[in-house]
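Chains as they are written, first to last, in my numbering: chain X, 751 to 994; chain G, 88 to 344. Ideal placement from N, C-alpha and C gives every residue a C-beta, glycine not left out. Here the structure is a predicted model, which means the values were calculated and not measured.
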Amino acid sequence: MVNIASLWQYLALQAPLHSSMSGEPLNLTKMGLTTYTLPALPYAYNALEPHISAQIMELHHSKHHQAYVTNLNKALESHVAAVAAGDVAAQIALQQTIKFNGGGHINHSLFWKNLAPAGTEETRADAAKGLVAEIDRTWGGLENFKKTFSAALLGIQGSGWGWLVQEGGHGGSLRIVTTKDQDPVVGGDVPILGVDMWEHAYYLQYLNGKAAYVENIWNVINWKTAEERFQGKSEDKLEEKSEL
Amino acid sequence: MSSTLLRTVPALRGALRASGAPKAAAMASTTFVRGKATLPDLSCECIDNLTYTQRPQAATLRGASSQGDDYGALEPHISGKIMELHHTKHHQTYVNGLNSALETIAEAESKGDFTKAASVAPLLNFHGGGHINHTLFWENLAPASRDGGGEPDGALKKAIDSDFGSFDTFRKQMNTALAGIQGSGWAWLVKDKSAGTLGLVTRANQDPVSGPFVPLLGIDAWEHAYYLQYENRKAEYFDAIWNVINWKTVAARYGKD
């Protein structure tokens, strides 16, 4: 397993790879890269009903998330080949594809884990005592935070995500940010919880009524996961396959 | 397709427009009311109502539109449910957002608060662009049984052959551009105003085509444009939509400027 921070760092820094590989056969693992795989959901496709339908969850996970994983691996392979070939133009040309698909993989991996079936222990705010206390200090109460976060989600123009983050790393101030398309939260901020505002996340069930989706998603937020991320005890990993 | 909806929606909308102006005048400046945008009916054959400052008169609604609001007219390529939601909900939201942005700007302007007026620019671009884009989009679609599909002819065909090599090449390039959009957006066949040549551009979200380009043909790549029918298989939507492209509209736009 590779810590999720590895790919973040890669995306944030566009880390240069050793170019002394010419003449040797390509070996992605040796070059510090891996191929990524679709993680299993920590619950069944219908587990979030009635708030998010099984049909949405199945397409979202098995088709959309899978496409990001597949295209990320393709782009990384091309990138390695471009590095080996000393073709910096080709490397630059791949950066946006890596950002989009790598971001899609990171974002969805975080999203699945910060959701849980309604009515479970995980979806109760007292599963996040430390985080909620900090939310109270920052927004004057959980309800006001939810209201502010919901407004940010509904203000996104086009596809994107809303995030609660800790600015600059663990211990930093809480802040609500939105990111466009599949831009991930990188560069030091710690994502605590994310909400997908792409239309594919809600359209089959809510149609154009995205305000209802935003209202209902609070029923399936996994506060236990949010607390672990807030405390820096998260075990978020990106699934990888080491053999190529 | 609900026939009740077909009959009542335009009539209702006309009634709302007829009675809307006095109410609005009581709340906002007359300048704003004069420029108020309204949702156009689907007018797949009509090229006269391109502006966002549609006159709020019921008389302009049905007469110019040969399809009226027959949301099922583009089936099986685009479902009636998609068309109905896309037009009555999504496009309406852009119209409302545009009017709201214009109202905020007018109010800020009247108070000399230019910081406030400038802060509305993103909303004006998004909702104004959404209104412009969808208005152009409805007009460049037509039922496959009527003017939809096929290939362009005349001067437009010559220009496409000259600038893309062939119609097939153009279509493939447009589909590649559509498939490459990351997130929500549009792909457009455009004419360069100064050079007169054709080209392909993509725009994020609802950014409208402007500057040196005249939009001739736009295809909506937002998920709401296809998801209920095609789900994640957007390539199938991009293939199918060529069956309902109204080349008469595209040719008229090409010849106009």
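Taking DSSP as the reference, what is the three-state secondary structure of TYR793 of chain X?
coil
Just verifying my parser: in three-state terms, what is the DSSP assignment at PRO302 of chain G?
strand
Which partner residues does ALA291 of chain G have in the DSSP bridge list?
G:GLY272
Could you give the distance in angstroms between the alpha-carbon of ASP294 of chain G and the alpha-carbon of TRP275 of chain G?
11 angstroms
Using CA coordinates, which residue listed in G:GLY252, G:GLY199 and G:VAL207 is at the minimum distance from ASN186 of chain G?
G:VAL207
Quick check: the Cα distance between SER909 of chain X and ALA327 of chain G, rounded to an integer number of angstroms?
23 angstroms
Can you check which of these residues, X:TRP889, X:VAL970 and X:ALA877, is closest to GLY944 of chain X by C-alpha distance?
X:VAL970
Smallest Cα separation from TRP862 of chain X: which of X:GLU808, X:ASP931 and X:GLY918?
X:GLU808
With a Cβ-Cβ cutoff of 8 angstroms, do GLY912 of chain X and LEU903 of chain X count as a contact?
yes
LYS280 of chain G - DSSP class collapsed to helix/strand/coil:
coil
Among G:GLU238, G:GLY267 and G:LEU265, the one whose alpha carbon lies nearest that of SER253 of chain G
G:GLU238
Output needed in chain order: residues of the segment 945–967 of chain X with a Cβ under 8 angstroms from some Cβ in chain G.
TRP948, GLU949, HIS950, TYR953, LEU954, LEU957 and ASN958
Rounded C-alpha distance that separates THR180 of chain G from GLU190 of chain G
15 angstroms
Could you run through the segment 156–184 of chain G and flag, in chain order, every residue whose CB is less than 8 angstroms away from some CB of chain X?
LEU172, LYS176, HIS177 and THR180
Under three-state DSSP, which class holds GLN916 of chain X?
strand
With H, G and I counted as helix, E and B as strand and the rest as coil, what does DSSP make of PRO209 of chain G?
helix
Within 10 angstroms of the Cβ of SER859 of chain X, are there 16 or more other Cβ atoms? Answer buried if so, exposed if not.
buried
Roughly how many angstroms lie between the CA atoms of ALA843 of chain X and ALA832 of chain X, to the nearest whole one?
10 angstroms
Under 8 angstroms between C-beta atoms of GLY919 of chain X and PHE980 of chain X:
no
Below-8 angstroms beta-carbon distance, TYR317 of chain G vs any chain X residue
no
Between ASP279 of chain G and GLU323 of chain G, what straight-line distance do the alpha-carbon atoms span, to the nearest angstrom?
29 angstroms
Check each candidate in X:TYR963, X:GLU985, X:ASN958 and X:ASN894 and name the one with the smallest Cα separation from ILE169 of chain G.
X:ASN958
Exposed or buried, what is PHE251 of chain G when buried is set at 16 or more other beta-carbons lying within 10 Å of its beta-carbon?
buried
Residue closest to ILE942 of chain X, alpha-carbon to alpha-carbon, out of X:SER984, X:VAL964, X:GLY836 and X:LEU954:
X:SER984
Can you find a CB in chain G that lies within less than 8 angstroms of the CB of GLN907 of chain X?
yes
Got a sec: is the Cβ-Cβ distance from ALA322 of chain G to anything in chain X below 8 angstroms?
no
Per DSSP, which one or two residues make a beta bridge with ARG925 of chain X?
X:VAL915
Going by the beta-carbon positions, is the gap between ALA962 of chain X and TYR953 of chain X smaller than 8 angstroms?
no
Looking at chain X, which residues of the segment 270–292 of chain G have a Cβ within less than 8 angstroms of any of its Cβ atoms?
GLY270, SER271, GLY272, ALA291 and ASN292
Per-residue contacts from SER930 of chain X into chain G (C-beta, under 7 angstroms)
Here residue 930 of chain X turns out to be Lys, not Ser, going by the sequence shown. Residues of chain G passing the Cβ test: GLY270.
The beta strand (DSSP E) with VAL940 of chain X in it runs from where to where?
940–946
Identity of the residue in G:LEU211, G:LEU126 and G:ALA339 nearest LYS244 of chain G by Cα:
G:ALA339
With a CB to CB cut of under 7 angstroms and the five nearest residues on each side skipped, what residues in its chain are close to ALA877 of chain X?
GLU871, TRP973, LYS974 and GLU977
Where LYS335 of chain G falls, given that 16 or more other Cβ within 10 Å makes a residue buried
buried
Given a cut-off of 8 angstroms on the beta-carbon distance, is the pair HIS855 of chain X and LEU822 of chain X in contact?
yes
Closer than 7 angstroms by beta-carbon distance: list the chain G residues that pair up with LYS824 of chain X, in chain order.
Ordered by position in chain G, no residue passes the 7 angstroms Cβ test against LYS824 of chain X, which lies about 14 angstroms from the chain.
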